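Numbering (the numbering used here), first residue to last: 7 to 281.
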């Protein structure tokens, strides 16, 4: 069954028109079921994450907008950065941990942040066109997106917040399925601090869009939609983990139930000061 706002672009990419000027570009055949997002304003457009690079994403973007496009990464993991080098205009969050990876005018993602070796993927060194500070509001013409720091999954992770629409593009901070808090650089204390900051930021009716999805019971793939209650459940779970009140469902890595749609994975290093 195909929903009216869902269509396959080809045999790899699916497009979900979530709202006017907001598109999810999904990769249901990739093993992590990535979702990237295109936001189109009156003057320019922004691609938030570029997928693993198994297929070129730029034809999909070009089919949806003729505006100038900037590609912005939520973080450096290989499954979000694969097509980044294909965009003429690129942006990263202006964080010291990222600035430190510039050499000779090119950005070199360190393997401990890229994690591509596990899938046999290497980073393509490239110039970065723009550095956007935390809290900066990016004006696309009729649409403004705020850069929000959301570490936890990784130290450099960011989300995008559309205040007018109450929409958060949460990337790998919050999505359906197992949240990866067990990988190098992940921190449960950072996860909780970022969740508490989002709790103060988001309206009660916020729509949260994640970067990894699951098919609906009928097999349809749509952009993963979450709500404020999912964020609240995450905070509740993290507080309980910190206080030793939530036992893991399984171990190696530890897997904690957040709610019936979300679980959180954790490894020894990710507990940080909690243990």
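Think of the CB as a built atom: it goes at the ideal place given N, C-alpha and C, for glycine as much as any other residue.
In this text the structure is predicted, and so the values were computed from the model without any measurement.
For the alpha helix (DSSP H) holding residue 84, just list the boundary residues, first then last. For this step, residue 84 is matched to residue 78 along the chain shown. First-last of the alpha helix (DSSP H) with residue 84: 84 to 87.
List the endpoints of the continuous beta strand (DSSP E) containing residue 165. Residue 165 sits at position 159 when you count from the first residue of the chain shown. Residues 164 to 168.
When you compare only the Cα positions, how much space is there between residue 7 and residue 226? Reading the chain shown from its first residue, position 1 is the one you call residue 7. Reading the chain shown from its first residue, position 220 is the one you call residue 226. Because residue 7 sits at a pLDDT of 32, beneath the cut-off of 50, its placement in the model cannot be relied upon, and the following sentence gives the value as read from the coordinates. Rounded to the nearest angstrom, the two C-alpha atoms are 7 Å apart.
Residue range of the alpha helix (DSSP H) that includes residue 197: Translated into positions along the chain shown, residue 197 becomes position 191. Where residue 197 is concerned, the enclosing alpha helix (DSSP H) stretches over 194 to 207.
Residue 37 classed as buried or exposed, judged by whether at least 16 other C-beta atoms fall within 10 angstroms: On the chain shown, position 31 is the one that residue 37 refers to. Burial is judged here by how many other beta carbons sit within 10 angstroms of a residue's own beta carbon; residue 37 has fewer than 16 and is exposed.
Might you give, ordered along the chain, the residues of its own chain that have their beta carbon closer than 7 Å to the beta carbon of residue 112, omitting 5 neighbours on each side? Reading the chain shown from its first residue, position 106 is the one you call residue 112. In its chain, beyond the 5 residues on either side, 131, 132, 133 have a beta carbon closer than 7 Å to the beta carbon of residue 112.
Measuring straight from C-alpha to C-alpha, what distance separates residue 170 and residue 162? Within the chain shown, residue 170 is the residue found at index 164, counting from 1. Within the chain shown, residue 162 is the residue found at index 156, counting from 1. When only Cα atoms are considered, residue 170 and residue 162 end up about 25 Å apart.
My output table needs one value for residue 42: the three-state DSSP class, helix, strand or coil. Here residue 42 refers to the residue found at position 36 of the chain shown. Correct three-state label for residue 42: strand.
Which ranges would you report for the alpha helix (DSSP H) in the region 222 to 265 if only whole runs of at least 4 residues count? Segments of the alpha helix (DSSP H) lying fully in the region 222 to 265: 234 to 248.
Buried or exposed for residue 119, going by 16 or more other Cβ atoms inside 10 Å? Position 113 of the chain shown holds residue 119. With 16 or more neighbouring CB atoms inside 10 Å of its own CB, residue 119 falls in the buried class.
Which same chain residues, not among the five before or five after residue 167, have their C-beta less than 6 Å away from its C-beta? By one-based count along the chain shown, residue 167 stands at place 161. Around residue 167: 152, 154, 174.
How about residue 82 and residue 115: do their beta carbons lie closer than 8 Å? By 1-based counting over the chain shown, the position of residue 82 is 76. By 1-based counting over the chain shown, the position of residue 115 is 109. A contact, by the Cβ cut-off of 8 Å.
Rounded to the nearest angstrom, how far is the Cβ of residue 78 from that of residue 97, given a contact under 8 Å? Within the chain shown, the letter at position 72 stands for residue 78. Within the chain shown, the letter at position 91 stands for residue 97. Your pair residue 78 and residue 97 checks out as a contact, with CB atoms roughly 4 Å apart and the cut at 8 Å.
Residue 280, DSSP secondary structure in three states: Looking up residue 280 in the chain shown gives position 274. Here residue 280 sits in helix by DSSP.
Measuring straight from C-alpha to C-alpha, what distance separates residue 45 and residue 13? Counted from its first residue, the chain shown places residue 45 at position 39. Counted from its first residue, the chain shown places residue 13 at position 7. Approximately 17 Å, taken between the alpha carbons.
With DSSP as the reference, label residue 136 as helix, strand or coil. One-based indexing of the chain shown puts residue 136 at position 130. In the structure shown, the three-state DSSP call for residue 136 is strand.
Tell me whether the beta-carbon of residue 24 lies closer than 8 Å to the beta-carbon of residue 229. Within the chain shown, the letter at position 18 stands for residue 24. Within the chain shown, the letter at position 223 stands for residue 229. In contact: residue 24 and residue 229 (Cβ atoms closer than 8 Å).
What's the C-alpha gap between residue 126 and residue 50? Your numbering for residue 126 matches position 120 in the chain shown. Your numbering for residue 50 matches position 44 in the chain shown. If you take the alpha carbons of residue 126 and residue 50, they lie about 34 Å apart.
Taking just the CA atoms, how far does residue 274 sit from residue 252? Residue mapping note: residue 252 aligns to position 246 of the chain shown, counting from 1. Residue mapping note: residue 274 aligns to position 268 of the chain shown, counting from 1. When rounded, the distance between both Cα atoms is 16 Å.
At which residues does the alpha helix (DSSP H) containing residue 120 begin and terminate? For the purposes of this step, residue 120 is taken as residue 114 along the chain shown, with counting starting at 1. 117 to 120 is the span of the alpha helix (DSSP H), which, as asked, contains residue 120.
Between the Cα of residue 239 and those of 265, 186, 128, 135, spot the shortest distance and give me the residue it belongs to. The count along the chain shown starts at 1 and reaches residue 239 at position 233. Out of 265, 186, 128, 135, 265 has the C-alpha closest to the C-alpha of residue 239.
What's the C-alpha gap between residue 103 and residue 85? Here residue 103 is taken as the residue at index 97 of the chain shown, counted from 1. Here residue 85 is taken as the residue at index 79 of the chain shown, counted from 1. About 19 Å.
What residues in its chain sit with their C-beta under 6 Å from that of residue 136, if we drop five residues either side in the sequence? Numbered from 1 along the chain shown, position 130 holds the residue referred to as residue 136. Once the five neighbours on either side are set aside, the close Cβ partners of residue 136 are 97.
Simplified DSSP state of residue 15, which is helix, strand or coil: Looking up residue 15 in the chain shown gives position 9. Three-state result, residue 15: coil.
Quick check on residue 255: buried or exposed, where buried means 16 or more other Cβ atoms within 10 Å of its Cβ? In the chain shown, residue 255 corresponds to position 249, counting from 1. That one is exposed.
For residue 160, which residues from the same chain have a beta carbon less than 6 Å from its beta carbon, with the 5 sequence-adjacent residues on both sides left out? Position 154 of the chain shown, counted from the first residue, corresponds to residue 160. Contacts found: 81, 191.
So what does residue 173 bridge to, in DSSP terms? For the purposes of this step, residue 173 is taken as the residue at position 167 of the chain shown. Paired residues: 168, 213.
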